[in-house]
Amino acid sequence: MAGQSFDIVRDGVLVGYQLDRRMALLKGFGRSNGCAFADSPGHMPIQRMANVSLQPAPDGPSVEELISGVERGIYIMGDKSWSIDMQRYNFQFTGQRFYRIRDGRLDGQLRDVAYQATTTDFWRSMEAVGGPETYVLGGAFNCGKGQPGQVAPVSHGCPAALFRGVRVLNTVQEGGN
Amino acid sequence: MRPQEMVERALELSRSDDCVVIADETSTANLRFAGNTLTTNGVARSARLTVISIAGSGVGVVSRAAVRDEQIADVVEAADAAARDAAPAEDARELAAGDGGGAGWDDPVEPTTIEVFRGFAPALGDAFAAAEAGGRRLYGFAEHTLTTTFLGSSRGLRLRHDQPTGRLELNAKSPDMTRSAWTGVATRDFSDVDVAALDARLDQRLAWAKNRVELPAGRYETLLPPTAVADLLIYMYWSAGARDAADGRSVFSKPGGGTRIGESLSGTPLRLYSDPAAPGIECAPFVVAHASSREESVFDNGLPVGRTEWISDGRLAALRQTRHSAELTGQPFTPGVDNLVMEGPSGGRSLDDMIASTRRGLLLTCLWYIREVDPQTLLLTGLTRDGVYLVEDGEVVGEVNNFRFNESPVDLLGRLTEVGGSVHTLPREWSDYFTRTVMPPIRVPDFNMSTVSQAS
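Sequence lines, in order, name chains V and G. Remember, the working numbering sits 72 above the position in the first sequence when you count from 1. Remember, the working numbering sits 122 above the position in the second sequence when you count from 1.
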């Protein structure tokens with residue numbers, strides 16, 4: 073099955089799914105969009121995530137312009153710990169560096185930060201998407217799926233983005249200290 | 123060429139000062155089932171040849187799958203070249219010496235086959251019939267793997283280890299798919315798996331789930347079953363490298379320098395240990411290191427591995443060491459072992475008895491998607507799955523919503539108020555990597571359920 077480019081969300085509306093041929097047939101989606109592969113010749117192909125990215129806004133703001141619109145917030149760089157429930161509702165992530173935003177400017181580095189949300193609430197809270205110069209291609213080498221377990225690399229591109237009202241945790245307090 | 127012959131051939135071909143060769147032969151058989159019927163089964167075999175060349179104190183490692191006879195020279199040449207180009211390895215030490223063919227070295231590899239399920243599969247079929255009659259649906263996966271490892275060296279080592287690994291994961295769901303329960307077992311050969319008993323336990327849990335109770339996030343008295351304890355302590359064990367501790371990188375680092383070995387972690391006189399000869403969870407009695415890392419060294423290959431107490435009477439007694447890190451920390455050489463046992467004081471109660479003595483608390487089924495939040499405290503996050511139950515006055519009164527937790531297993535050892543009797547268990551989260559555990563249920567008075575998960 074040839075790989076292809078397709079939208080999952082367009083103009084804020086859910087318009088597509090990751091599909092293999094079986095699910096496309098069962099659910100009446102026409103044809104597969106090629107989201108199935110095996111991690112080695114010793115395993116069966118399974119339906120799993122292809123490279124999923126958030127597109128930048130063509131004339132979108134820079135990181136500095138996004139920060140300038142925040143009175144009180146946190147600027148998170150990179151990703152670190154990630155965990156999400158089996159139906160992909162509740163997640164908790166950390167980052168690699170955190171900065172306090174006050175009155176539209178960075179104001180010192182923070183530590184012990186994590187953030188939690190329900191997936192759909194989180195994406196609904198997205199207020200702005202950065203421009204192409206903020207876009208970074210990231211990913212992981214060790215995305216695990218299936219039984220017997222299959223491990224494969226995945227790539228995800230993303231611009232800087234601004235989210236409002238996200239629940240932030242102090243991980244020291246979470247640990248009871 | 124047999125794997126033993128591949129090892130000998132690779133050792134002959136190496137032009138390095140020293141060489142270690144590891145040949146792994148793996149066979150696996152599996153059954154998958156859904157909705158009270160078998161859906162797929164499979165068998166597979168694979169082989170990997172790892173050549174570790176040593177030139178002076180430089181080391182080069184090349185590891186390839188499915189190496190054909192005529193390709194052995196390529197692998198050895200690549201490893202020799204890498205060793206010549208390598209900077210001195212800080213973990214370089216004298217290799218272990220041997221005197222040729224160890225026990226079973228020349229015996230043929232006996233792969234596992236689908237026949238391993240000869241007794242289990244009919245019992246599973248009976249469980250399908252019982253489940254169908256009882257109005258529940260069974261889903262799951264059974265897998266048996268046999269890995270035979272041949273380890274040879276230019277210093278005369280010829281060691282062999284046959285490692286069987288089996289697991290069964292079993293889910294039961296109500297016909298409307300609104301209730302779900304899970305159980306799992308680790309086994310060496312499936313002869314000891316009582317599917318009917320497992321199914322009966324799932325039936326009980328689905329019955330518990332008929333009454334639904336919504337609870338908010340918060341700290342609750344919580345009973346963690348052995349599988350959940352195993353998942354938390356395996357992560358702690360993986361994080362118990364002496365090198366990281368000595369370098370100030372882990373929860374086992376002493377503030378100001380050094381490790382926390384000797385420090386009390388729990389007021390309960392519990393013991394955490396590994397033992398290659400522990401009944402039912404036997405594993406390799408010698409070091410098998412395919413590559414060096416902060417917790418293992420290729421130079422330690424073949425050295426004997428014995429019973430090691432990591433925590434004794436609640437006190438941190440040892441960390442995972444290479445010979446190099448043992449010298450750095452001034453501690454004995456205590457390499458990692460592929461099993462883990464936790465025991466509390468003798469006379470620990472069963473989980474059922476612990477439920478019966480609970481005034482109000484949560485009973486978990488298992489944990490899911492566990493990830494490290496903070497290495498310095500070993501704060502972990504993850505979720506409950508397939509059944510959180512509310513216990514009141516010694517009885518389960520209903521099923522509660524799922525939660526995300528934030529907890530450190532090291533903190534839990536210090537806060538737990540009861541350690542039950544230890545049993546063989548399958549850690550659900552890490553069962554792809556670590557299955558050989560004997561763990562107790564524990565009671566924690568204030569387990570941190572950080573937020574509610576909508577997942578059901």
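For each residue, glycine too, the CB sits at the ideal point set by N, CA and C.
Chain-ordered neighbours of residue i on chain B, where CB pairs are closer than 8 Å
i              : result
Q188 (chain V) : Going by chain labels, chain B is absent from the structure shown, which instead holds the protein chains V and G.
Rounded C-alpha distance that separates residue i from residue j
i              : j              : result
P204 (chain V) : P128 (chain V) : 5 Å
L290 (chain G) : R277 (chain G) : 41 Å
Q76 (chain V)  : A108 (chain V) : 12 Å
V183 (chain G) : E212 (chain G) : 15 Å
S419 (chain G) : L268 (chain G) : 24 Å
L462 (chain G) : T430 (chain G) : 10 Å
A318 (chain G) : G288 (chain G) : 18 Å
S112 (chain V) : G157 (chain G) : 28 Å
A212 (chain V) : I156 (chain V) : 15 Å
A399 (chain G) : Q443 (chain G) : 20 Å
P133 (chain V) : S140 (chain V) : 10 Å
V519 (chain G) : R172 (chain V) : 46 Å
A362 (chain G) : L441 (chain G) : 5 Å
A255 (chain G) : T503 (chain G) : 39 Å
V185 (chain V) : R215 (chain G) : 42 Å
Q126 (chain V) : A331 (chain G) : Going by the sequence as given, residue 126 (chain V) is Leu instead of Gln. Using only the alpha carbons, I get a separation of about 39 Å.
V373 (chain G) : L548 (chain G) : 25 Å
R526 (chain G) : D191 (chain G) : 51 Å
M123 (chain G) : F194 (chain V) : 57 Å
L209 (chain V) : D554 (chain G) : 29 Å
A249 (chain G) : N293 (chain G) : 12 Å
Beta carbon proximity, residue i to chain V, threshold 7 Å
i              : result
V495 (chain G) : yes
Y491 (chain G) : yes
F155 (chain G) : no
F263 (chain G) : yes
G504 (chain G) : yes
L501 (chain G) : yes
D460 (chain G) : no
Closer than 7 Å to chain G by CB, residue i
i              : result
Y207 (chain V) : no
T192 (chain V) : no
G221 (chain V) : yes
E246 (chain V) : yes
S227 (chain V) : no
S153 (chain V) : yes
Beta-carbon neighbours of residue i, restricted to chain V and to distances below 9 Å
i              : result
R507 (chain G) : D157, M158
T161 (chain G) : Neighbours of T161 (chain G) on chain V: none; closest Cβ ~12 Å, over 9 Å.
Q576 (chain G) : D157, Q159, Y161, N162, T190
D533 (chain G) : G247, G248, N249
CB contact flag (residue i, residue j, <7 Å)
i              : j              : result
N570 (chain G) : E336 (chain G) : no
D369 (chain G) : I492 (chain G) : no
Q576 (chain G) : Y161 (chain V) : yes
D303 (chain G) : R334 (chain G) : Looking at the sequence provided, one finds Ala at residue 303 (chain G) rather than Asp. Taking 7 Å as the Cβ cut-off, A303 (chain G) and R334 (chain G) do not qualify as a contacting pair.
M149 (chain V) : Q164 (chain V) : no
N528 (chain G) : E136 (chain V) : no
V142 (chain G) : S275 (chain G) : yes
I118 (chain V) : G216 (chain V) : no
L138 (chain V) : A189 (chain V) : no
L392 (chain G) : V541 (chain G) : yes
L473 (chain G) : P347 (chain G) : yes
G436 (chain G) : S386 (chain G) : yes
R206 (chain G) : A166 (chain G) : no
Chain-ordered chain V contacts of residue i [CB-CB under 7 Å]
i              : result
T287 (chain G) : The premise fails here: T287 (chain G) is roughly 11 Å from chain V at the closest Cβ pair, so nothing lies under 7 Å.
N152 (chain G) : P220
Where residue i meets chain G, residues with beta-carbon distance less than 7 Å
i              : result
G237 (chain V) : Chain G residues near G237 (chain V): none, gap ~15 Å exceeds 7 Å.
Contact list for residue i against chain G, beta-carbon separation under 8 Å
i              : result
G150 (chain V) : Chain G residues near G150 (chain V): none, gap ~15 Å exceeds 8 Å.
G114 (chain V) : A166, S168
Beta-carbon neighbours of residue i, restricted to chain V and to distances below 8 Å
i              : result
S530 (chain G) : G247
D191 (chain G) : Per Cβ cutoff of 8 Å: no residues; D191 (chain G) is ~20 Å from chain V at best.
D554 (chain G) : G216, P220, G221
D146 (chain G) : In chain order: nothing, as chain V lies at least about 14 Å away.
Open item on the list: Tell me whether the stretch 217-235 of chain G and the stretch 271-285 of chain G touch, counting them as touching only if at least three CB pairs, one residue from each stretch, are closer than 8 Å.
Closed with: yes
Task: Stretch pair the stretch 475-482 of chain G + the stretch 209-228 of chain V: three plus CB contacts closer than 8 Å - done: no
Open item on the list: Closer than 8 Å is the cut-off here; do at least three beta carbon pairs connect the stretch 558-574 of chain G with the stretch 446-464 of chain G?
Closed with: yes
Open item on the list: Is it the case that the stretch 147-164 of chain G contacts the stretch 254-266 of chain G, given that we only count it when at least three CB pairs across the two stretches are under 8 Å?
Closed with: yes
Open item on the list: Measuring CB atoms only, is the stretch 526-543 of chain G touching the stretch 507-515 of chain G, in the sense that at least three cross pairs come out at less than 8 Å?
Closed with: no
- [ ] Say whether the stretch 291-311 of chain G touches the stretch 161-176 of chain G, bearing in mind that this needs 3 or more beta-carbon pairs closer than 8 Å, one atom from each stretch.
- [x] no
- [ ] Specify whether the stretch 131-141 of chain G and the stretch 83-95 of chain V touch according to this definition: at least 3 beta carbon pairs, one from each stretch, less than 8 Å apart.
- [x] no
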